[in-house]
Amino acid sequence: MKLSIIIPVYNSEKYIRRCLDSLLCQNIEYKHYEIFIINDGSTDNSLDIALAYEKKYPQIKVFSQLNSGVGSARNKGIELSTGSYLYFIDPDDYLVHNVLNKLLDYAFNFNLEILSFNSKSIKNINVVTTKNTLKRNTKLQKQTGIAYIGDRFYKNEVWWYIINRKFLKNTGIKFIVGRWMEDAIFTAQLFLKTKAIAHTEIDVHLHVITRGSAMTSKEPGHYLNVIRDNANAAIIYKSLINQAELAEPYNDLCVNRLKTRQQSFVFFMMIRMLKSTIKYKEVKSIIDGMTVAGAYPLSSFLGKDYNGKIYYILVKLFNNRYVYYILFLIFNPLLKKVILFKKK
38 MKLSIIIPVY NSEKYIRRCL DSLLCQNIEY KHYEIFIIND GSTDNSLDIA LAYEKKYPQI
98 KVFSQLNSGV GSARNKGIEL STGSYLYFID PDDYLVHNVL NKLLDYAFNF NLEILSFNSK
158 SIKNINVVTT KNTLKRNTKL QKQTGIAYIG DRFYKNEVWW YIINRKFLKN TGIKFIVGRW
218 MEDAIFTAQL FLKTKAIAHT EIDVHLHVIT RGSAMTSKEP GHYLNVIRDN ANAAIIYKSL
278 INQAELAEPY NDLCVNRLKT RQQSFVFFMM IRMLKSTIKY KEVKSIIDGM TVAGAYPLSS
338 FLGKDYNGKI YYILVKLFNN RYVYYILFLI FNPLLKKVIL FKKK
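Structural data, given as structure tokens:
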């Protein structure tokens, strides 16, 4: 078995067919890959659709569990998988046709533990091919994960990568369960472990921008969870930064990029806090925690990855915690009223 594809599904009846159809158009014999649909307690017709596909296509396998979140569903998929490589995709996204076979050729020929590629964000448009899809690209740069982090503005989301299953199992790394930002933690942890990663400039994945998606939802309770989980990710990144600092040979580009990524969580979290229903007392507690984690003040945020006038202005304001507290006390009550009004 060459490849296992894992799809965590929760109430995705509007999109799941498009995702599955794209996975079935990959020029791979059915016996060489398997598609695991992990139904995470859906209450719509997602399970019925998945079971219909399972009945028709031997490579599709459906597993149902009580609603436990994306991290749990992906971990179950890893547990069930038998392929040499793993790929994770969300049910509202899909793939360009006839690209996975090429990726597998690269992965096997270069003996890679991780292969990254391109993803495009689109607005619900049916795209099946792109200008980069058929390019020959055999001159891959195989490197360590630490060098990869240093060289690239790497992506947090796991859909940008195929991963060697044995390598993943040997690391013992799993998705965090019950929290957002699980991708950002999972991918960085893997990068710090791998000795064989490469990137190919092939357009593979199509991320569909949908209204009301989990990460864009402004529902007050969900918004608070995203804020708290950004803070949690920043704390976890402290240990990843420490790990990178101890690596031989020392790679300052890697260390600096991890610090930038850690502080990006804090920067965007601070913006969210201004627009949330969070209490002032918790804001102060979170800022104190970020200080202990070395993620605040935002001393490593600005630079190659994040630049521009608005970033510089906001960082200057945010880096003075008392100015930020005043901004919160002034703007939060006004923005909070808007949020609560929209909820009604």
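If you read the sequence shown in our numbering, its first letter stands for residue 38, the second for the next number, and so on.
Think of the CB as a built atom: it goes at the ideal place given N, C-alpha and C, for glycine as much as any other residue.
- Judged by DSSP in its simplified three-state form, His-134 adopts coil rather than helix or strand.
- Counting every other CB atom within 10 Å of its CB across the protein chains shown gives Leu-103 a total below 16, marking it as exposed.
- Put simply, the backbone Cα of Phe-212 is about 9 Å away from that of Ala-110.
- One thing to note: Val-136 has its Cβ no nearer than 8 Å to the Cβ of Ile-234.
- The C-beta distance from Ile-315 to Leu-261 rounds to 6 Å, short enough to fall under 8 Å.
- Around the beta carbon of Asp-142, fewer than 16 other beta carbons sit within 10 angstroms, so the residue counts as exposed.
- Proximity to Ile-323 across Phe-304, Arg-189 and Leu-339 peaks at Phe-304, based on C-alpha coordinates.
- About 23 Å separates the Cβ atoms of Ser-121 and Lys-176, ruling out a contact at the 8 Å cut-off.
- With respect to the 8 Å criterion, Asn-369 and Leu-335 are not classified as neighbours on the basis of their beta carbons.
- Of the other Cβ atoms in all chains shown, 16 or more fall within 10 Å of the Cβ of Asn-201; this residue is therefore buried.
- Taking a 10 Å sphere around the C-beta of Tyr-52, we find 16 or more other C-beta atoms and assign the residue as buried.
- Cα atoms of Phe-154 and Asp-127: separation of roughly 16 Å, rounded to the nearest angstrom.
- Beta-bridge analysis with DSSP links Val-245 to Ile-159.
- Tyr-349 and Arg-358 have their C-alpha atoms some 16 Å from each other.
- Counting other Cβ atoms within 10 Å of its Cβ, Gln-299 reaches 16 or more and is therefore classed as buried.
- Residues Gly-182, Ile-183, Leu-277, Gln-280 and Ala-281 of the same chain have their beta carbon placed closer than 7 Å to that of Leu-229, with the five preceding and five following residues left out of the count.
- Under the three-state reduction of DSSP output, Asn-76 falls in the strand class.
- Collapsing the DSSP output to three states places Phe-305 in a helix.
- The criterion of a C-beta distance shorter than 8 Å is not satisfied by Asp-342 and Phe-223.
- Apart from sequence neighbours up to five positions away, the residues of its chain that approach Ile-308 with a beta-carbon distance below 8 Å are Leu-351, ordered along the chain.
- Runs of the alpha helix (DSSP H) lying entirely within the segment 281–345 and spanning at least 4 residues, in chain order: 289–311 and 317–329.
- Excluding its 5 nearest sequence neighbours in each direction, Asn-288 has C-beta neighbours in its own chain below 6 Å: Ile-183 and Gly-187, listed in chain order.
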